[in-house]
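**Student:** What follows is a structure written as structure tokens; I'll ask about it next.
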Amino acid sequence: MENIGVLREWFDRVDSDHTGNVAAPQLQRALAVGNLNFPLSVVQQMIRMYDFDRNGTMNFEEFVALNKYLLKVQNVFSALQRDRGFLNLDEVYEALVKLGFSLDSPAFYTVCESFDKNKMGMIRLDEFISLCIFIQSARNLFNSFDTSKQGRVTLDFNQFVYCTANCRI
């Protein structure tokens, strides 16, 4: 993990209004400086994943947790991309397994199709991070409904709408 002092310095620069919290547009601009270009919806999902105090923004502690997750995802991507700047679908599957995700073929190909912007079977780093954010968010939401830890849930229509609204990117 990066030096906490470096992260604090970076966070303080992003927190331009000095509130101790970073909103999605601020985080989006900061990530873009590092060549990670995400739609605002993805950045909002990142914040929802690590917004421990549920205030809609990211404080430093939450930012450190997000950074740890992003570094983990980037490291797995880097280990497999072979200096090409992208992963093919077999490598995406391997990377997801290394990150602890196991999807069946229909779910895997549907998710990849959704995040492969160029529709060429090549997933770039920002697309891969977006894909991982989606899958992790879906897992977190699923687990909140899987109270018996059986790997199955039953949802009424209102719960289904809640789930789809919270996992959209």
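Here the UniProt record's numbering is used: the first residue of the sequence shown is 1, the next is one more, and so on.
Where is the CB? At the ideal position from N, CA and C, for every residue including glycine.
Here the structure is a predicted model, which is why all the values come from computation and not from measurement.
(1) What are the boundary residues of the alpha helix (DSSP H) that includes residue 87?
(2) Thinking just about the alpha-carbon of each residue, which of 129, 153 and 112 is nearest to the one in residue 39?
(3) Mind checking who residue 122 pairs with in its DSSP beta bridge?
(4) Got a sec? Which residues, its chain only, sit under 8 angstroms from residue 26 by beta carbon, not counting five neighbours each side?
(5) Near residue 73, which residues of its chain fall below 6 angstroms by C-beta distance, leaving aside the five closest residues on each side in sequence?
(6) Just reading off the alpha helix (DSSP H) that residue 68 is part of, what are its end residues?
(7) From the DSSP output, in three-state form, read off residue 22 for me.
**Tutor:** Let me spell this out:
(1) On the sequence shown, residue 87 is found 87 positions in, with the first residue counted as 1. Taken as a continuous stretch (DSSP letters only), residue 87 belongs to no alpha helix (DSSP H), being part of the beta strand (DSSP E) at 86-88.
(2) Numbered from 1 along the sequence shown, position 39 holds the residue referred to as residue 39. Ranking 129, 153 and 112 by Cα distance to residue 39 puts 129 first.
(3) Within the sequence shown, the letter at position 122 stands for residue 122. Paired residue(s): 88.
(4) Taking the first residue of the sequence shown as 1, we reach residue 26 at position 26. Once the five neighbours on either side are set aside, the close Cβ partners of residue 26 are 14, 15 and 16.
(5) Within the sequence shown, residue 73 is the residue found at index 73, counting from 1. Counting only Cβ-Cβ distances below 6 angstroms, and skipping sequence neighbours, we find 129 and 132.
(6) For the purposes of this step, residue 68 is taken as the residue at position 68 of the sequence shown. Residue 68 -> alpha helix (DSSP H) spans 60-80.
(7) Numbered from its first residue, the sequence shown carries residue 22 at position 22. Of the three classes helix, strand and coil, the one that applies to residue 22 here is strand, per DSSP.
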